[in-house]
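Heads up, the thing below is written out as C-alpha cells.
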Amino acid sequence: MNPADLLSAMKRTVEQLAAFNEMAKALTSTLELREVLSLVMQKVSDLLQPRNWSLILQDERSGKLYFEIAVGEGAEALKSLQLSPGEGIAGTVFSTGTARLVDDVGGDPAFAPRFDKASAFRTRSILAVPLIARGRVLGIIELVNGPQDPLFTQDDLTTLTAIADYAAIAIENAKNFWRVQELTITDEHTGCYNARHLRAQLEHEVKRSQRFHHPLSLVFLDLDRFKHVNDTHGHVVGSALLKEVGELLISCSRQLDLVFRYGGDEFSLMLVETAPEGALTIARRIRDAFREQHFLKSQGLDIRLTASLGVATFPDHAHSAMDLIRAADFAMYAAKARGRDGVCLAEPLPAGPRPEPLPEPGEP
C-alpha cells in the first residue's frame, strides 16, 4: 500500500473509531426505543451513505419481520410489507444469524424480487447484517445499492457489523426497560392498560388538548349483565371472558387509541384528536362488534354479551381530566338507563368562558 492509500485508510479508521465512540455514548444515554432507532439511522447514513437501507425487526406476536425504518427510493412502499424468517436475503440473515454480502442479487437464489416490485427500485447489491443480543437475533440492518452504485466492500461489512453490535444491545435494553414499565401500567387479566395509567395519560393529553386546541374524547364502557355470566359459569370463565373483551376492544381501536380496564367489567378508550362525531362512530362500531361476537368458543362455550357506552369530549363536555371521566361515566349510565346495548353522548357544558390554554413550557 502506498503512503497516500495508507494515510487515507488510517484517516477512515480514526473517523470510524470516533463515530463508534460517539454512538456508544449516545446509545447508552437513552432507554427510549424511538431515540435508539433514530441514532442508528443517523450513524448508518453518516458512515456508509447507502442508496437505500432499512432496519427490519421481528413482531414478537406474529413472528413476522417488518420494516421499522426504510430509507431511500421507494422506501414508503416497503413500510406496509412483511416478510417471513428465511424469506429473501434479509430473512435468510435473520434465520441463520449470519451476515451476507451479495454483489449481484441476480445470481442469488435467496433474493426475493417482490420487494423491488413494490418499491419500483432495481436492486443490484445487498449488505445485510443481523442484530444479535444475548444470542438472539432481533432483526437485520440491510443496505441496498442500485445498478449504477459502487459495490459494498469488506470494510463496509466490518463497519456495519460494528454498528449492528452497538444497536442490538441498545435495542434489547430499551425493550427490556419498556417491558418493566409496562408491568406497572398494564392490567394483568386483560392486557389492557390499567386505571392508574388512564388517569396519568388523560392529564397529559388534556394539557396537550388545551395547548394545541385539539379535541380529546373518552369512551366509557360497561358490560351488560356481566354478573349473570359469573353466577352461571363461575369467576374463572368470567376472567377469561374479560380477556376476550379486552382483545375485542383493542381490535376495534385505531393505532393511536389507548384501551384501559377501568375496574371490574368497566373499560375505557382514550381517543386523541377525536371530536364527538368521530368518537360516536367508534363507540357504535364497538357496540356492533359486541352484538356479533361469540365469546369463549375456544373453550366450548358460546356466550353472547352486549355493552353500554358513554362518550365525552374535552373541551365540549368537561373542563378537566377528572371531569372528562365523570362525563363519560354519566353518559354510560344514561345508556344503561335507556335499556342497555347502546351509546350515549355526554351533555354539553353550559355556554360561558372556557379555561385559558396552558402556556408553552418556559413561558411566564
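Residue numbers for the sequence shown, in full-length UniProt numbering: 1 to 364. Idealized CB from N, CA, C, for every residue including glycine. The structure displayed is predicted, hence computed values, not measured ones.
8 Å Cβ cutoff met for residue i and residue j
| i | j | result |
| --- | --- | --- |
| L242 | D265 | yes |
| A240 | L296 | yes |
| L221 | F267 | yes |
| R134 | E87 | no |
| F174 | L47 | Checking the displayed sequence, the identity of residue 174 turns out to be Ala instead of Phe. Contact: no. |
| A118 | L81 | yes |
Environment of residue i [buried if 16+ CB atoms lie within 10 Å]
| i | result |
| --- | --- |
| V311 | buried |
| W53 | buried |
| K43 | buried |
| P50 | buried |
| E205 | buried |
| T184 | exposed |
Cβ-based neighbour list, residue i, same chain, cut-off 7 Å, excluding 5 preceding and 5 following
| i | result |
| --- | --- |
| P276 | S217, V311, T313, D316, L345 |
| R285 | C252 |
| V102 | I89, D108, S125, I126 |
| L256 | V272 |
Own chain partners of residue i with C-beta closer than 6 Å, once the 5 adjacent residues on each side are dropped
| i | result |
| --- | --- |
| T123 | V105, D116, V144 |
| T190 | L242, K243, G246, R261 |
| V137 | F94, G97, P130 |
| A351 | none |
| L55 | E68, I69, I141 |
| A120 | G74 |
| D187 | N194, R261 |
| F226 | D265 |
Cα-Cα separation between residue i and residue j, rounded to whole angstroms
| i | j | result |
| --- | --- | --- |
| G63 | R287 | 31 Å |
| A321 | G72 | 42 Å |
| R208 | N176 | 28 Å |
| E182 | H197 | 10 Å |
| L83 | E60 | 13 Å |
| Q299 | H233 | 12 Å |
| E35 | L78 | 21 Å |
| A283 | I132 | 43 Å |
| V229 | T92 | 49 Å |
| A200 | G146 | 49 Å |
| R326 | P113 | 55 Å |
| M332 | A167 | 47 Å |
Contact belief for residue i with residue j at Cβ below 8 Å, rounded distance in angstroms
| i | j | result |
| --- | --- | --- |
| I163 | V40 | 7 Å |
| V219 | A337 | At roughly 18 Å, the Cβ-Cβ gap does not stay under 8 Å, so V219 and A337 are not in contact. |
| D165 | D341 | Contact flag wrong, Cβ pair sits at about 56 Å. |
| L269 | V343 | Between V343 and L269 the Cβ distance is about 12 Å, and since that is not below 8 Å, they are no contact. |
Sequence-distant residues of the same chain with beta carbon closer than 8 Å to residue i, five excluded per side
| i | result |
| --- | --- |
| H214 | R208, V272, E273 |
| L349 | P315, D316, H317, A318, H319 |
| T161 | A99, V129 |
| L157 | A99, L101, L127, V129 |
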